[in-house]
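In what follows, a structure is listed as structure tokens, so that the remarks can point back to it.
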Amino acid sequence: MSWLKRKSVLIPIDFSDLSYQALEPAKEQVENISALKLIHVLSPLHPADPAAMWDTVSDQDRKQKVRAFTRDKLSEMGYDDIHIEVAIGDPMSKIMDYAQEIDADLIVMSSHGRKGVSHFLMGSVAEQVVRLSHCPVLILK
Amino acid sequence: MKQLLSRKTSLFRLKHYLYGLAFLLIFLPRVAFAQDDAAPAGFLGSIEAGVQGIVDILNLIFYFKVGGENGMPFIVLWLVIGAVFFTFRLKFINIRAFKHAIDVVRGKYDSEEDEGDVSHFQALAAALSGTVGIGNIAGVAIAIRLGGPGAAFWMTMAGFLGMSSKFAECTLGQKYRVIKPDGTVGGGPMYYLSRGLSAMGMAPVGKALAVIFAVMCAIGSLGIGNMFQANQAFAAVSNVLPFLTSLSWLFGIILALIVGLVILGGIERIGAVAGVLVPVMAVIYALACFWVMLVKLPEVPGAISTIITTAFSPEALAGGAIGALVIGFQRAAFSNEAGLGSAAIAHSAAKTDEPVREGIVALLEPFIDTMFICNLTAIVIVLTGVYADPTATDLNGAQLSAASFETVISWFPYVIAVAGFLFALSTMISWSYYGQQSWAFLFGESTTNIYKGIFLFCVFVGAVVNLGPVLEFSDIMALAMSLPNLLGCFLMSGLIARELTSYMDRLKSGEMLPEPQVAQETVLRR
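For the record, the sequence lines run as chains A and B.
In this text, residue positions in the first sequence follow UniProt numbering: the first is 1, and each later residue adds one.
In this text, residue positions in the second sequence follow UniProt numbering: the first is 1, and each later residue adds one.
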């Protein structure tokens, strides 16, 4: 059945417990765990953040720290060998850019299941990904 | 395929910008027409009426007078109690730690190995760019206009006592900050209220106070750190460029555009440039104040005695006998933010493992902002006597300060226009950071663009609306931040006092050993 398996599956995470839940179903879609690619998108520092104002923290430092942090977290959960990508910018467009870059054939992510005002404010990343993705998207509820 | 998709994404974003642009194009001519009518009519009038409506409701909630008609507004009394309480509870920390504060800022205690993003000096400078705003020029003039010269005395007193509340909140900010997965620091009242009170077994109270603070700060940032700044920047600039007087909408759009370029990313250099120019302007401003004093040297003792004597006999002023005191405290808190909690957001980024040390650095802030810069403005205004000139009663805020300087240095209103504009710009950028942190605490990082949009709209509103409602809104919302913040600080005052005693003991004995901090582990926030 290996011909049914995906070659490149992208999992966007935001460090919430819900977002990690996408790992298990994503794993089922691939033959080898190395086909899983994980992305976390950091927001740019506000220009008045003291670290940005004095230019004491570089984008490179931030990415590297997040990568190390995620690697520890993943190996705690029993997932090693997953490639971790860290980008800085608008979550939706960075996820899309990376999906194209790795030619993803599936994106797996959780919807936060918010309703009302907070849905209006926050539920949109998953929805925008669905709208703009070139490949199938699996949204967990 | 890839190219196509990336075009699709950028088209999607472009579409949003085009909608925004179309909205502005339809909207602008109406604003322009409305401006041609008599002031309160049309679109601008309805904005003003809207702001006034909100102010009336807020007045009822926070501004009821304690002690009858001529009593003290509750929220001002709250600030006074906070400042006095911490000054006595911490045994005049504002005096006894002053020299140590300067040593720390000079870098004597900096350690590269400590967690954090910036040095003590850098943290103080970042916090100061939020506090040294146009309030230092315009706010003092407003205080003297409303409360007489005596209000300046009470501003100084409030600055002196406020050093202690500033110490308390920034110590807590440093103690309960979080280090995010990317290594940057998150701190401020929302963190110390929720984490600090939770450590004391009051988790629900802490969480509630943190949320209340974040709501107040997100809304408050639109007043004190936005509309008031935009309003007085316009006053200062249109004062020297009279043709702009009827073009407030244009000024509002240009200002919103500049702030937008900085906070929406792209041209961060403007922020850095303003950050460099602000200290330069502050020095030029202070030198000019000294120059005015030098020119009128024989009258200086008289001006100072006017300030002190009228502080205790403010007859015939609005608010009765304690009017000057109320106005002084209000304007001082507005200027130096002591008790509001906002500065703790910036101070928590300092590289240290001693929370008390950054608190001590922070107490210099009200000193520089209020006791030094505001006082200089006050002495110039009283010295030149423009405030008492019966033909100049329509001058208020930045224009009153400009007119005062003009009597001695004829071209100084231009400097006030430039300095005021830059002070306002840097303060707006700083406060958009405070407001954004609060917004992110409530709704998450991914939605902060909505906050930025609201913030930019308010820059425009601030420039086109009259000072009255803008000042009232800004005052109430800023002071309301002190409600959850100081309540939390009171509850944790025992802890602050213990930390301080331990720090001072170790400082005196010559051992400054770092101790493990509860707040240093990485904590996840969505």
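Don't be surprised by glycine CBs; every beta carbon is placed ideally from N, CA and C.
Asked, Found
"Residue nearest to residue 438 of chain B in terms of C-alpha spacing, selected from B/482, B/180, B/187, B/44", "B/187"
"Contact set between residue 42 of chain A and chain E, taken where Cβ atoms lie within less than 7 Å", "No chain E appears in this structure, whose protein chains are A and B."
"Interface partners of residue 262 of chain B on chain A, CB under 9 Å", "47, 48"
"Beta-carbon separation (whole angstroms), residue 289 of chain B vs residue 377 of chain B, contact threshold 8 Å", "7 Å"
"Residue 53 of chain A - DSSP class collapsed to helix/strand/coil", "helix"
"Cβ neighbour criterion (16 or more within 10 Å) applied to residue 232 of chain B", "buried"
"Per-residue contacts from residue 433 of chain B into chain A (C-beta, under 8 Å)", "46, 47, 48, 49"
"Residue 57 of chain B: contacting residues in chain A (beta-carbon distance under 9 Å)", "Within 9 Å Cβ-Cβ: nothing; residue 57 of chain B doesn't reach chain A, min ~21 Å."
"Helix, strand or coil at residue 590 of chain B according to DSSP, with G and I counted as helix", "Not covered by the structure: residue 590 of chain B. The range shown for chain B is 1 to 526."
"Residue interval of the alpha helix (DSSP H) (run including residue 79 of chain B)", "74-89"
"Distance, residue 440 of chain B Cα to residue 55 of chain A Cα", "22 Å"
"Test: residue 174 of chain B CB closer than 8 Å to a CB of chain A", "no"
"One or two residues paired with residue 87 of chain A in a DSSP bridge", "A/41"
"Neighbour-count burial assignment, residue 177 of chain B, 16 or more Cβ in a 10 Å radius", "buried"
"For residue 88 of chain A and residue 61 of chain A, believed in contact at Cβ under 8 Å, the rounded distance", "No, residue 61 of chain A and residue 88 of chain A are not in contact; Cβ-Cβ is about 11 Å, not under 8 Å."
"Given residue 228 of chain B as reference, the closest of B/509, B/487, B/471 once Cα atoms are compared", "B/471"
"Where residue 67 of chain B falls: helix, strand or coil (DSSP)", "coil"
"For residue 283 of chain B, the nearest candidate out of B/368, B/312, B/110 (CA to CA)", "B/368"
"For residue 138 of chain A: DSSP bridge partner residues", "A/108"
"Which of helix, strand or coil DSSP assigns to residue 350 of chain B", "strand"
"Supposed close pair residue 123 of chain B, residue 365 of chain B - CB separation, criterion 8 Å", "That pair is no contact at about 10 Å."
"Distance between beta carbons of residue 83 of chain A and residue 37 of chain A, contact taken as under 8 Å", "5 Å"
"Host alpha helix (DSSP H) of residue 470 of chain B (start-end)", "467-491"
"Where residue 12 of chain A meets chain B, residues with beta-carbon distance less than 8 Å", "What residue 12 of chain A touches in chain B: nothing, since even the nearest Cβ is about 11 Å away."
"Residues sharing a beta bridge with residue 573 of chain B, DSSP", "Absent from the structure is residue 573 of chain B, since the part of chain B shown begins at 1 and ends at 526."
"Residue-level contact to chain B via CB, residue 130 of chain A, 8 Å cutoff", "no"
"For residue 6 of chain A, three-class secondary structure by DSSP", "strand"
"Residues of its chain near residue 133 of chain A, where Cβ-Cβ distance is below 8 Å and the 5 sequence neighbours each way are ignored", "96, 99, 107"
"Residue 357 of chain B classed as buried or exposed, judged by whether at least 16 other C-beta atoms fall within 10 angstroms", "buried"
"Per-residue burial, residue 32 of chain A [other beta carbons within 10 Å of its own, 16 or more giving buried]", "exposed"
"Whole-angstrom distance between residue 172 of chain B and residue 355 of chain B, CA atom to CA atom", "7 Å"
"Whole-angstrom distance between residue 159 of chain B and residue 310 of chain B, CA atom to CA atom", "18 Å"
"Helix, strand or coil at residue 118 of chain B [DSSP, three-state]", "strand"
"Pair within 8 Å by beta-carbon distance, residue 479 of chain B and residue 362 of chain B", "no"
"Residues that residue 36 of chain A bridges to, as DSSP identifies them", "A/9"
"Contact list for residue 229 of chain B against chain A, beta-carbon separation under 9 Å", "Here the premise fails: no neighbours, minimum Cβ distance about 13 Å."
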